[in-house]
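Enquirer: If you read the sequences in order, they're chains A and B.
In terms of our numbering, the first sequence has 314 at position 314, counting the first letter as 1, and numbering is strictly consecutive.
In terms of our numbering, the second sequence has 219 at position 219, counting the first letter as 1, and numbering is strictly consecutive.
Glycine included, each C-beta is placed from N, C-alpha and C at the ideal position.
2 protein chains.
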Amino acid sequence: MPPSTEELADRLARTRARMQRSGLDGLVVVDPANLHYLTGYDAWSFYMPQLLFVPLTGEPLLIMRAMDAGGAHRTALLSRERILGYPESLVHQRDAHPFDWAAEQLREHGFAHRGRIGYEPEAHFLTVRSFHALERGLPEWQLVDSHDLVNWVRLVKSPYELELMRGAGRVASAAMRAGIDAIADGARLNDIAAAIQFAQATGVEGVEGDYPAIVPMLPTGESADTPHMTFSARRLDRGEAISIELAGAHRRYHAPLARTVSLGRPDARLAGLAEITAEGLQAVLEGMRPGAVVADVHGIWREHLAQHSIEKPSRLGYSIGIGYPPDWGERTVSIRGDDLTVIEPGMCLHIIAGMWMEGYGCELSESIAITADGVELLTDAPRELIVREGA
Amino acid sequence: MPPSTEELADRLARTRARMQRSGLDGLVVVDPANLHYLTGYDAWSFYMPQLLFVPLTGEPLLIMRAMDAGGAHRTALLSRERILGYPESLVHQRDAHPFDWAAEQLREHGFAHRGRIGYEPEAHFLTVRSFHALERGLPEWQLVDSHDLVNWVRLVKSPYELELMRGAGRVASAAMRAGIDAIADGARLNDIAAAIQFAQATGVEGVEGDYPAIVPMLPTGESADTPHMTFSARRLDRGEAISIELAGAHRRYHAPLARTVSLGRPDARLAGLAEITAEGLQAVLEGMRPGAVVADVHGIWREHLAQHSIEKPSRLGYSIGIGYPPDWGERTVSIRGDDLTVIEPGMCLHIIAGMWMEGYGCELSESIAITADGVELLTDAPRELIVREGA
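(1) Using the Cα positions of ALA233 (chain B) and VAL153 (chain B), report the straight-line distance between them to the nearest angstrom.
(2) Would you call the CB atoms of PHE53 (chain B) and LEU134 (chain B) closer than 7 Å?
(3) Got a sec? Which residues, its chain only, sit under 7 Å from LEU305 (chain B) by beta carbon, not counting five neighbours each side?
(4) To the nearest angstrom, report how far apart ILE386 (chain B) and SER223 (chain B) are at their CA atoms.
(5) Could you name the residues of the segment 59-91 of chain A whose beta carbon sits closer than 8 Å to any beta carbon of chain B, in the order they occur along the chain?
(6) Between LEU364 (chain B) and PHE198 (chain A), what straight-line distance do the alpha-carbon atoms span, to the nearest angstrom?
(7) Would you identify the three-state DSSP class for TRP301 (chain B), choosing helix, strand or coil?
(8) Output, in chain order, the set of chain B residues within a Cβ distance shorter than 9 Å of TRP356 (chain A).
(9) For ILE352 (chain A) and chain B, any beta-carbon pair shorter than 7 Å?
(10) Going by C-alpha to C-alpha distance, which of B:ALA103, B:HIS113, B:GLY40 and B:TYR86 sits closest to SER79 (chain B)?
(11) Taking only the alpha-carbon atoms, compute the straight-line gap between PRO219 (chain B) and LEU164 (chain B) and give it to the nearest angstrom.
(12) Mind checking who VAL293 (chain A) pairs with in its DSSP beta bridge?
(13) Tell me the DSSP bridge mates of HIS308 (chain A)?
(14) Across which residues does DSSP place MET217 (chain A) in a beta bridge pair?
(15) Any idea what DSSP makes of MET165 (chain A), helix, strand or coil?
(16) In or out: PRO3 (chain B) buried (at least 16 other Cβ within 10 Å) or exposed?
(17) What residues of chain A sit near LEU134 (chain B), judged by a beta carbon separation below 8 Å?
(18) What separation, rounded to the nearest whole angstrom, lies between the Cα atoms of GLU384 (chain A) and SER243 (chain A)?
(19) Report yes or no: is there a C-beta of chain B within less than 7 Å of the C-beta of MET1 (chain A)?
(20) Mapping DSSP to helix, strand and coil, what is LEU263 (chain A)?
(21) With the cut-off set at 7 Å, would you say MET48 (chain A) and ARG74 (chain A) are in Cβ contact?
(22) Using 10 angstroms around the beta-carbon of GLY110 (chain B), count the other beta-carbons present and answer buried if the total reaches 16, otherwise exposed.
(23) Between GLY209 (chain A) and LEU349 (chain A), what straight-line distance do the alpha-carbon atoms span, to the nearest angstrom?
(24) Check the Cβ of LEU155 (chain B) against every Cβ in chain A and list those closer than 7 Å, keeping chain order.
(25) Whole angstroms are fine: how far does the CA of TYR253 (chain A) sit from the CA of SER173 (chain A)?
(26) Can you find a C-beta in chain A that's less than 7 Å from the C-beta of GLU122 (chain B)?
(27) Straight-line CA distance for MET357 (chain B) to PHE125 (chain A)?
(28) Is ALA72 (chain B) near ILE83 (chain B), with beta carbons less than 7 Å apart?
(29) Specify the secondary structure class of TYR86 (chain A) as computed by DSSP and reduced to three states.
(30) Which of the three DSSP states, helix, strand or coil, is assigned to HIS350 (chain A)?
(31) Does LEU270 (chain A) come out as helix, strand or coil in the three-state DSSP assignment?
(32) On the DSSP letters alone, give me the boundaries of the alpha helix (DSSP H) that LEU189 (chain A) sits inside.
(33) I'd like to know whether the C-beta of ARG331 (chain B) is nearer than 7 Å to at least one C-beta of chain A.
(34) Could you check if GLY272 (chain B) is buried or exposed, using at least 16 other CB atoms within 10 Å of its CB as the buried criterion?
(35) When burial is assigned at 16 or more other CB atoms within 10 Å of the CB, is MET1 (chain A) buried or exposed?
(36) Are any of the Cβ atoms in chain A nearer than 7 Å to that of THR127 (chain B)?
Have a look at this one:
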């Protein structure tokens, strides 16, 4: 069940409507999640320069490395002649760049006229060299920041997408159970990661797993004061706490989930923090409904923490959906005090309370979809500090 | 066993020697593999803007998101005061960027003087916005392409690094065995990927696994004409061929490995192609020795294929070592007709014959280290078209 022609046509139409509102005559899309969203294209080819050009009218043009262009029609719903492959001789050269070639092709296809062309200056895979090649090759263009235009189009999910998000949530919940079960005295972090990754790829009955945009994060013991260290052969000791942050992925849709597990009786400081965190998360979930403003929902959280004399400067979450390495966030809504987005049905968010204190920490999260009158939980795990006796 | 102070000092000294030869007064490093190489820093924080500034003299300065800066000293061998965290309020803002803050810090630390500053225009995680923020904030700088300066320093491995490469090779070989064992009639690609990923994270006796920069690639059946489609719930049919391309990773070092497996008796066309490929790979390995020129070694391969009336435009491999998503190649040596690099002991290469024909294909590879008089194989798997009866 790839996205239907109608689904993709609707996505493209909404993208173009937003382009027109922004006064854009064309859009250069490089973010692999945006590329997938607009065409269905899906492959690990984003480490080489590639782009989708979206004109205001007419079929988009996909330009990528020849070896990838040859198979792109297997996932991208585009005519074969709109998928162009640049020659292998342009890969990793000092004096030539694939986007020199892309610029020539865009010119030959009639897209070199004067106009405002949006691009994605904060996308991970638009390199500075790629950008300069477009500037040089298409001097007629006025390249302007699209301000994550397609990412914003992605914010509200279709019924088709919500089904994929539910599948991703089920995979996340199963992967979390696998991770928790692997926690035991003396267990190595890499073995816990192995159990999680096995569950992530396998999936659950009727929902196959896909690769998540980020590997499992396992902040442990003292180093739980920082969230993004990856797994090592470090062994767990009795009395330590470990946070698990992972995502379930299903057909590129992601539902992240975080829990903290104490191996043996938790220390009182951590148990107290975990309880405050869980109460705060519950209050936030109750405040999440259509019409609410993100900043106000964040206020519920900030006030709850303030009552306990805790300050947490990092945001409380972000929008989710399609994800590719290195990030599963959509880079649009951030749950914090300055985000004035009005919540709408169909938005999906990862609400993550990451409490990274000096020398200890805990994480607790849910992935949710906004419904007509509140919140649908996509993930399912006990919302508490989990204690493993782990003999 | 993280890299020793001496090892890191040597890497920095060789980087600075090359900077001086290139007339650079400083270097902005963003590529996570280069950052790891120069400091030991290792975490999944590269999806947010971060940089290492390397002056010609004095200690480098690491600038990253505050929540990551707080734990960076756990892996980075830098003084605590040389690790700076930008405030959370700068994350994903429309009108401010973390590198505005970084530019101010670089100025305050005395690095705003006029000079030629190298940067990495083709690094994956230097976004266009990041680059523009540096241009704007440090107008004294003449920002020039470093031409992957640190990547080239990484090309010849130290004895310490070669040990890690051998460990990575052992993990790769074990993961390949796990993948081959999972191939059976009706097996789903995602379940084969699950078995591989479990083995990749677990590692082998005495060598723990690490996450590879790329997920297992499993080009299958007709779609084996393109290399980078990722796994799905597609089931294997008897008579189909599947290629497995994976890497073993150990403490961020990567040894990739590719094999092709036929489920049941291979078709004659594929068997013939596989035999030609294996002979060619053997001839190339025999030609790989210190003093040889990469282009000449590639000529052995090209001539071998020409004898069989086959043309393969893509390169035959690339240098390997430290890897982070989305790529495990070092972006320096490419084994092809125009690469004039002279082979030296300590170089590590992934020699990959990827034969993507119309509607079928095979892959065969080895990861190698160049020794004083030839080649050390890092990977260990039967070098042939593997046949699984897989009832």
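Expert: So, from the data block:
(1) The residue labelled residue 233 (chain B) in the question sits at position 233 within the second sequence. The residue labelled residue 153 (chain B) in the question sits at position 153 within the second sequence. So the alpha carbons of these two residues sit roughly 42 Å apart.
(2) As a first step, residue 53 (chain B) must be located in the second sequence, where it is residue number 53. As a first step, residue 134 (chain B) must be located in the second sequence, where it is residue number 134. No, Cβ-Cβ distance for PHE53 (chain B) and LEU134 (chain B) is not below 7 Å.
(3) Translated into positions along the second sequence, residue 305 (chain B) becomes position 305. So the qualifying residues of the chain are GLY280, GLU311 and LYS312.
(4) Residue 386 (chain B) sits at position 386 when you count from the first residue of the second sequence. Residue 223 (chain B) sits at position 223 when you count from the first residue of the second sequence. Distance between the alpha carbons of ILE386 (chain B) and SER223 (chain B): 19 Å.
(5) ALA66, MET67, ASP68, GLY70, GLY71, ALA72, ARG74, THR75, PRO87, GLU88, SER89 and VAL91
(6) Numbered from 1 along the second sequence, position 364 holds the residue referred to as residue 364 (chain B). Numbered from 1 along the first sequence, position 198 holds the residue referred to as residue 198 (chain A). Whole-angstrom Cα-Cα distance: 26 Å.
(7) Locating residue 301 (chain B) in the second sequence gives position 301, counting from the first residue. DSSP, read as helix, strand or coil, puts TRP301 (chain B) in helix.
(8) What you label residue 356 (chain A) is simply residue 356 of the first sequence in a count that begins at 1. Near TRP356 (chain A) (Cβ distances below 9 Å), the residues of chain B are MET67, GLY70 and GLY71.
(9) Counting from 1 along the first sequence, the entry for residue 352 (chain A) is found at position 352. So, not an interface residue.
(10) Looking up residue 79 (chain B) in the second sequence gives position 79. Closest by alpha carbon: B:GLY40.
(11) Counting from one through the second sequence, the residue named residue 219 (chain B) turns up at place 219. Counting from one through the second sequence, the residue named residue 164 (chain B) turns up at place 164. Spanning the two alpha carbons is a distance of roughly 28 Å.
(12) Looking up residue 293 (chain A) in the first sequence gives position 293. VAL293 (chain A) pairs with A:VAL342.
(13) Here residue 308 (chain A) is taken as the residue at index 308 of the first sequence, counted from 1. The partner list for HIS308 (chain A) (beta bridge, DSSP) is empty, contrary to what the question assumes.
(14) Locating residue 217 (chain A) in the first sequence gives position 217, where the first residue counts as 1. For MET217 (chain A), which the question treats as bridged, DSSP gives the partners A:GLU245.
(15) Residue numbering aside, residue 165 (chain A) sits at position 165 when the first sequence is read from its first letter. Residue state, collapsed to three classes: helix.
(16) Position 3 of the second sequence, counted from the first residue, corresponds to residue 3 (chain B). PRO3 (chain B) comes out buried.
(17) Counting from one through the second sequence, the residue named residue 134 (chain B) turns up at place 134. Ordered by position in chain A, no residue passes the 8 Å Cβ test against LEU134 (chain B), which lies about 10 Å from the chain.
(18) The residue labelled residue 384 (chain A) in the question sits at position 384 within the first sequence. The residue labelled residue 243 (chain A) in the question sits at position 243 within the first sequence. Near 12 Å, if we compare the C-alpha coordinates of SER243 (chain A) and GLU384 (chain A).
(19) If you number the first sequence from 1, residue 1 (chain A) lands on position 1. Answer no: the Cβ-Cβ gap between MET1 (chain A) and chain B never drops below 7 Å.
(20) Within the first sequence, numbered from 1, the residue matching residue 263 (chain A) stands at position 263. Strand at LEU263 (chain A).
(21) Against the first sequence, residue 48 (chain A) aligns to sequence position 48. Against the first sequence, residue 74 (chain A) aligns to sequence position 74. Not closer than 7 Å, so no.
(22) For this step, residue 110 (chain B) is matched to residue 110 along the second sequence. By the neighbour-count criterion, in which 16 or more other beta carbons inside 10 Å mark a residue as buried, GLY110 (chain B) falls on the exposed side.
(23) Numbered from its first residue, the first sequence carries residue 209 (chain A) at position 209. Numbered from its first residue, the first sequence carries residue 349 (chain A) at position 349. GLY209 (chain A) and LEU349 (chain A): Cα-Cα distance of roughly 20 Å.
(24) Reading the second sequence from its first residue, position 155 is the one you call residue 155 (chain B). Within chain A, no residue comes near LEU155 (chain B); the closest Cβ sits about 13 Å away, beyond 7 Å.
(25) Within the first sequence, numbered from 1, the residue matching residue 173 (chain A) stands at position 173. Within the first sequence, numbered from 1, the residue matching residue 253 (chain A) stands at position 253. Cα to Cα, SER173 (chain A) sits roughly 14 Å from TYR253 (chain A).
(26) Taking the second sequence and counting its residues from 1, the one referred to as residue 122 (chain B) is at position 122. GLU122 (chain B) counts as touching chain A.
(27) The sequence position of residue 357 (chain B) within the second sequence is 357, counting from 1. The sequence position of residue 125 (chain A) within the first sequence is 125, counting from 1. So the alpha carbons of these two residues sit roughly 28 Å apart.
(28) Position 72 of the second sequence, counting from 1, holds the residue named residue 72 (chain B). Position 83 of the second sequence, counting from 1, holds the residue named residue 83 (chain B). Yes, Cβ-Cβ distance for ALA72 (chain B) and ILE83 (chain B) is below 7 Å.
(29) Position 86 of the first sequence, counted from the start, is the residue given in the question as residue 86 (chain A). TYR86 (chain A): strand per DSSP, three-state reduction.
(30) Counted from its first residue, the first sequence places residue 350 (chain A) at position 350. In the structure shown, HIS350 (chain A) sits in a strand (DSSP, three-state: E or B).
(31) Here residue 270 (chain A) refers to the residue found at position 270 when the first sequence is read from its first residue. If DSSP states are grouped into helix, strand and coil, LEU270 (chain A) belongs with the helices.
(32) If you number the first sequence from 1, residue 189 (chain A) lands on position 189. Per DSSP, LEU189 (chain A) belongs to the alpha helix (DSSP H) from 189-202.
(33) Translated into the one-based positions of the second sequence, residue 331 (chain B) becomes position 331. At least one chain A Cβ lies under 7 Å of ARG331 (chain B).
(34) For the purposes of this step, residue 272 (chain B) is identified with residue 272 of the second sequence, where counting begins at 1. GLY272 (chain B) comes out exposed.
(35) Along the first sequence, one-based indexing puts residue 1 (chain A) at 1. With fewer than 16 Cβ atoms within 10 Å of its Cβ, MET1 (chain A) is classed as exposed.
(36) Position 127 of the second sequence holds residue 127 (chain B). Yes, THR127 (chain B) lies at the interface with chain A (some Cβ there is under 7 Å from its Cβ).
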